[in-house]
Every structure is written in C-alpha cells, then in structure tokens.
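Note that the protein sequences, when read in sequence, are chains A and B.
Heads up, the final residue of the first sequence is numbered 309 in this note's numbering, and it's a clean run with no missing numbers.
Heads up, the final residue of the second sequence is numbered 508 in this note's numbering, and it's a clean run with no missing numbers.
Okay, structure first, notes after.
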Amino acid sequence: MIWTIGGGKGGSGKSFITTNVGICLSKLGIRVVLVDADLGGANLHTFLGISPPALSLSDFIKKRVSHLEEVLIPTAVPSLQLLTGAQDLLNAADAKSVQKRKLIRSIQSLNSDTALVDLGAGNSLSVLDFFLISDGGILVVTPEPTSIENTYRFLKSAFYRRLRHSVSSPSVKALIDGAMDRKNEMGIQGPYDLIRAAKGMDEGDGQRMAEEIETFHPNLILNQVRSKKDIEIGFSIRSACQKYFGIHLHYLGYVVYDQDVSHSIRRRQPLVLENPRSRASQCVMEIASKLANSHKAATPFQEYEPQGH
Amino acid sequence: MSLKGIKDQTYYEVLEVSRAATPKEIQRAYERARETFAVDSPAIYSLFSDAEVKEIREAVEEARRILTDEELRRSYDQSYFQIGIEPPTEAPSETPEISEEKKASLAFSGLLFNTEKETYRGKDLKEARERMGVERQAISGKTKISMKTLEWIEEEVFEALPPLVYLKGFLKNYAQSLGLDPQKVVEGYVRSMEESRKK
C-alpha cells in the first residue's frame with residue numbers, strides 16, 4: 001500500500017508527519033518504507049536522526065547497485081527503512097510516465113507492507129500524478145489561510161488532472177485546461193459548471209468525469225492546531241470540498257501544536273520515540289491507527305494511469 | 310453525494326446529514342455549516358465567490374428552518390421524497406393511469422419540452438397534459454396534489470401557490486407523472502415564476 005503525503009505549503013509538517021506516522025505504523029507491526037520524494041529539500045533522514053545517506057534510488061536506476069534492497073537505509077526502528085532519491089525520478093524536467101511507473105514498481109517490489117512517500121510542497125505534474133496514482137493521497141495543512149489556500153490549489157490541480165485523464169475528447173480536454181483559470185472566458189466558475197459544459201460537448205466524457213469525482217477520496221491531516229476552533233477548520237475544509245468539488249475528503253485527524261515537536265526536530269530525534277506521551281505524539285499515534293485500519297478498506301487509485309507531459 | 314449545484318441539493322445534502330438525522334444532529338450540522346460559510350471563515354474564500362457564499366448561506370438557513378420544524382420537515386419529506394404517500398392500489402375509473410406509451414409519445418415529440426428550454430410556464434404543463442389526453446383529476450389522483458393546487462400551477466396563480474419548498478415537490482411529482490424531466494420542469498417553472506415577479 002502506497003500513501004503519498006503532499007499539498008499545502010512548505011513548513012506545514014509533511015516530513016514530520018511522514019516520519020512519525022511511519023514509526024507508529026511500524027510499532028503496530030507493519031513493515032514500512034519511508035520514501036523521500038521532496039523536490040524542494042529531501043531531508044527525511046534528518047527527521048530520523050540519520051546522516052545524509054550515501055546510496056539512493058538513483059544508484060539502483062543507474063545500475064550502480066544490482067538490487068533495490070541495497071539502497072534501503074536501515075533505521076533505529078525495527079521494520080522501518082528509508083529510501084531516498086525518489087525526487088530525482090519526479091523531477092519536472094524529465095518526468096515521463098515511464099519513470100513514474102518505474103518508481104511505483106520499485107516501491108511495490110520492496111519487501112514491505114506500506115510505503116509513505118513524502119512529496120513535499122511541490123505542485124508539478126509528476127508530483128500530482130504520483131499523488132493520484134498512489135493508494136491514498138494525504139494532504140497536510142495548518143489552520144492558517146495561506147496553508148489552506150495552497151492546499152486547495154494543489155487539490156484543484158490534482159482534481160482537474162484526474163478529470164482530464166478520464167476523458168477522451170480533445171475538445172473536453174481543452175475545456176478542462178481552460179477551466180483551471182477561474183477568469184476563463186467560458187464562464188466556468190468551478191467543477192459544477194465544468195461538468196455541465198463537458199456534458200454539453202460530449203455526454204460520455206461528462207458522465208465519466210462525474211464518475212471520477214465519486215471515486216476521488218483524498219485524506220486530510222490538520223497540523224499545529226491550537227484550539228477547538230482550529231480543529232473545526234478541518235470539518236470546514238471537508239465541507240467546502242464537498243460543496244465545491246463534490247468530493248468526500250476524509251478528515252484523518254489533527255495534531256496539536258506542541259513545543260516538543262520543534263525540540264525533537266532540533267535534536268534530530270523523532271518525537272514519537274523521544275516523547276511518546278506528548279500530546280502531539282498521541283495525535284500522531286491515533287492517525288497511524290486509522291491508517292492501519294484502513295489498509296483493508298482503502299479504495300486504490302489504480303485506475304489512474306499517469307501521462308507524460 | 311455527487312457534484313450538485315446548491316439549488317439542486319436536498320436540505321439534507323445542504324446540511325450534509327442523513328435523511329434519518331435527529332434534531333440534535335441537524336442543529337449540530339447547521340452550526341458547523343454556519344461556521345464554515347461565515348464571513349471570516351478561512352476555509353472558503355479561495356474557492357467560492359461572495360455571491361456563491363451568500364447563496365449557500367441562504368440555503369443553509371432555509372434547510373435549518375425546514376428540518377428543525379417537525380411539521381415542515383414531514384411535509385418536505387412527503388412532497389420531495391414521497392414518503393408516507395400510499396401508492397394507489399387500483400386506479401379509479403375516473404382517474405385512469407397515464408400509459409407509458411402516452412408518456413413516451415410526449416417525451417419524443419420534442420414539441421413542447423426541448424432540452425434548450427430555459428423556462429416552463431404553467432400553460433406548458435397544461436398543454437403537455439392535454440396533449441396526452443389526461444384529465445387534471447387523473448394527475449391529482451396519481452400525485453395526491455389537490456385539484457386546486459394543480460389549477461393554480463397551470464394558471465400561474467403564483468400568490469395562491471404553497472411555499473417554494475412544497476411547490477418544488479409538487480412540480481417534481483407533476484412532471485414525473487407526465488414523464489417529463491422533473492429537474493428541468495422544477496427549475497424552469499421556478500425561473501419563469503421569478504421572472505414574472507420581477508416584471
């Protein structure tokens with residue numbers, strides 16, 4: 001099972017969540033690989049207290065090592081390993097669908113139960129594709145308007161990308177491309193107008209788009225919450241997505257703002273290991289339990305086939 | 310719930326509660342929706358325009374008004390979902406069933422209700438009914454809408470019509486009984502009613 005963690009802004013806590021949820025999952029008896037695919041700054045190793053690794057996925061792809069397992073970095077936690085260098089395959093400059101598939105196949109071939117892929121704050125097409133192709137995409141957002149705005153931007157891009165992929169008519173594809181710009185001259189204000197316009201052009205494509213919406217269920221984690229009102233923002237985001245996109249966003253949970261988090265990062269020690277009784281650790285553990293439970297129930301996104309440029 | 314415009318959503322969908330929601334659940338959902346679509350909410354400003362937010366807020370208020378009043382909720386359920394309406398076991402001789410053939414002939418005639426039509430007038434509905442050779446009484450018997458209300462709908466006696474929430478339910482049932490697209494008829498009739506009021 002592959003989970004991708006993306007969206008939002010830099011600094012919203014994606015790497016912190018990836019690392020600590022991964023550790024909690026391994027504590028629950030699940031074999032986990034953390035995959036660093038952050039184009040903006042891959043540093044999951046620092047969150048785990050490991051020096052910059054000498055080997056990465058690139059060494060396997062470029063055949064400098066013969067087995068993928070050789071580039072996996074062991075950690076202090078049993079059944080938790082780290083794979084770095086995935087961002088090289090997602091680099092926008094040379095992201096072809098064959099490379100994305102190669103990355104997926106590489107991760108799937110690993111001897112593990114779950115992979116958690118940190119996508120960073122990137123918004124490139126290859127990052128969007130990877131988010132969509134995974135079994136579950138997770139958005140990490142903080143209660144600030146800027147973070148929410150960026151998350152919507154990411155979600156909107158992923159949403160339209162998914163719709164675009166589901167249709168066959170070039171004119172409907174062009175319609176979707178045009179609709180991305182809210183000031184478009186077609187008068188399409190949002191997904192609702194878009195589906196109506198697409199049905200007018202091609203009933204079959206319009207229907208397929210409507211079906212895609214039904215099966216798109218991203219997940220949401222609200223990080224650094226400081227009050228009950230902040231927690232409610234997660235429900236507001238879910239509701240806004242329901243009204244605007246027609247999608248059901250799964251609110252996985254929240255992590256409270258906790259000084260212990262920044263202390264643990266400064267000491268390069270994962271919070272859930274260093275201070276498992278802290279409030280933030282308990283929140284992370286709760287989220288990990290939900291992910292562990294959803295393994296069986298999750299709806300894979302396997303229908304989505306990534307495209308090239 | 311699939312992607313629908315706010316006007317097409319049921320009151321349950323507007324508040325994102327199930328049809329079996331308790332009054333307490335409805336109140337809680339209302340409070341949450343009010344907070345989500347409040348002026349200072351950080352969750353909406355980058356997705357919705359001010360006009361869209363206003364429209365959603367109005368729908369939320371209307372949904373709460375109807376669903377928290379036991380009587381109004383029951384009437385809404387009856388008119389919208391046809392709950393509690395016993396289907397006629399045998400059509401009386403003076404209220405003949407509208408045959409599927411008649412519905413089909415109308416649906417394919419394309420004369421009265423083409424898909425491009427923006428508004429539906431009472432006279433359009435009357436013409437459609439008469440074209441099918443169906444008496445008003447037959448529609449009343451089938452839909453349980455009173456004869457008087459049907460007459461007001463057809464003759465556009467807007468001031469006598471029931472509140473919009475019930476009217477939509479009646480129009481939906483009326484359209485279905487004639488084999489017409491309920492959504493188009495409801496939207497078209499309400500639009501023509503609003504246009505008429507503006508004049």
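Ideal Cβ positions, reconstructed from N, Cα and C, are used throughout, including at glycine.
Note that the structure is a prediction, hence the values are computed from the model and not measured.
Output the boundary residues of the alpha helix (DSSP H) element that contains N482 (chain B). 473 to 487
Given a cut-off of 8 angstroms on the beta-carbon distance, is the pair Y429 (chain B) and V369 (chain B) in contact? no
Could you tell me the alpha carbon to alpha carbon distance between G228 (chain A) and G450 (chain B), rounded to whole angstroms? Note that residue 228 (chain A) is Lys in the sequence shown here, rather than Gly. Rounded to the nearest angstrom, the two C-alpha atoms are 53 angstroms apart.
Using a Cβ-Cβ cut-off of less than 8 angstroms, list which residues of the region 336 to 363 of chain B approach chain A; keep chain order. R341, A342, E344, T345, S350, P351, A352, I353, Y354, S355, L356, F357, S358, E361
Environment of V348 (chain B) [buried if 16+ CB atoms lie within 10 Å]: exposed
Listing by chain order, which chain A residues have their CB less than 8 angstroms from the CB of G314 (chain B)? Y192
Completely contained beta strand (DSSP E) runs for the region 147 to 226 of chain A, where each covers 3 or more residues: Fully enclosed beta strand (DSSP E) runs of 3 or longer: 219 to 225.
Within 10 angstroms of the Cβ of S455 (chain B), are there 16 or more other Cβ atoms? Answer buried if so, exposed if not. Exposed: under 16 other Cβ atoms inside 10 Å.
Nearest chain A C-beta to E325 (chain B) closer than 8 angstroms, yes or no? yes
State the Cα-Cα distance for the pair P145 (chain A) and V466 (chain B), rounded to the nearest angstrom. 49 angstroms
Under 8 angstroms, do L175 (chain A) and A158 (chain A) count as touching if we go by C-beta distance? no
List, in order along the chain, the chain A residues whose C-beta lies closer than 7 angstroms to that of I365 (chain B)? K243
So what's I5 (chain A) in DSSP terms, helix, strand or just coil? Strand, per DSSP.
Please report whether the beta-carbon of Y152 (chain A) lies at a distance below 8 angstroms from any beta-carbon of chain B. yes
Report, in whole angstroms, the separation of the C-beta atoms of I335 (chain B) and V326 (chain B), which I expect to be a contact under 8 angstroms. Between V326 (chain B) and I335 (chain B) the Cβ distance is about 6 angstroms, and since that is below 8 angstroms, they are a contact.
N- and C-terminal bounds of the beta strand (DSSP E) containing T114 (chain A): 114 to 118
Exposed or buried, what is K74 (chain A) when buried is set at 16 or more other beta-carbons lying within 10 Å of its beta-carbon? The amino acid occupying residue 74 (chain A) in the given sequence is Pro; Lys does not appear at that position. That one is exposed.
L252 (chain A), buried or exposed, once every other Cβ within 10 Å from all chains shown has been counted against 16: buried
For D260 (chain A), name the three-state secondary structure that DSSP assigns. Three-state DSSP puts D260 (chain A) in a helix.
Should L324 (chain B) be labelled buried (16 or more other beta-carbon atoms within 10 Å of its own) or exposed? The residue in question, L324 (chain B), is buried, as its Cβ has 16 or more Cβ neighbours within 10 Å.
Does the region 343 to 361 of chain B come close enough to the region 258 to 269 of chain A to have 3 or more Cβ pairs within less than 8 angstroms? no
How is Q318 (chain B) classed by DSSP in three states: helix, strand or coil? Coil at Q318 (chain B), not helix or strand.
Taking the straight line between their C-alpha atoms, what separation do you get for R105 (chain A) and Y354 (chain B)? Between R105 (chain A) and Y354 (chain B), the alpha-carbon positions lie close to 40 angstroms from each other.
If G85 (chain A) sits next to S58 (chain A), beta carbons under 8 angstroms apart, how far is it from one beta carbon to the other, in whole angstroms? Correct: roughly 5 angstroms between the Cβ atoms.
If you draw a straight line from the alpha carbon of R164 (chain A) to that of G246 (chain A), how long is it in whole angstroms? 16 angstroms
Is I237 (chain A) close to chain B, meaning its C-beta is less than 8 angstroms from at least one C-beta of that chain? Chain B, which has a Cβ nearer than 8 angstroms to the Cβ of I237 (chain A), makes this yes.
With distance defined between alpha-carbon atoms, name the residue in A:L291, A:A42, A:K243, A:Q224 nearest to V141 (chain A). Of the candidates A:L291, A:A42, A:K243, A:Q224, the one whose C-alpha sits nearest the C-alpha of V141 (chain A) is A:Q224.
Give, in chain order, every unbroken run of the alpha helix (DSSP H) that is at least 4 residues long and sits entirely within the region 242 to 288 of chain A. 259 to 266, 271 to 274
Where the alpha helix (DSSP H) containing Q492 (chain B) begins and where it ends: 491 to 507
For Q189 (chain A) and chain B, any beta-carbon pair shorter than 8 angstroms? Under the 8 angstroms criterion on CB atoms, Q189 (chain A) is classed as interfacial with respect to chain B.
Identity of the residue in A:A288, A:G190, A:L83 nearest L44 (chain A) by Cα: A:L83
Relative to the C-alpha of G190 (chain A), which residue among A:I148, A:F47, A:L222, A:C241 is closest? A:C241
For V35 (chain A), which of helix, strand or coil comes out of DSSP? It is a strand residue.
Taking only beta-carbon positions, decide if I195 (chain A) is within less than 8 angstroms of chain B. The beta carbon of I195 (chain A) sits closer than 8 angstroms to some beta carbon of chain B.
Check the Cβ-Cβ distances between G246 (chain A) and every residue of chain B, and say whether any is below 8 angstroms. With 8 angstroms as the cut-off, G246 (chain A) counts as an interface residue toward chain B.
Considering just the uninterrupted stretch of the alpha helix (DSSP H) at I138 (chain A), what are its terminal residues? Counting along the chain, I138 (chain A) falls outside any alpha helix (DSSP H), though it belongs to the beta strand (DSSP E) covering 136 to 141.
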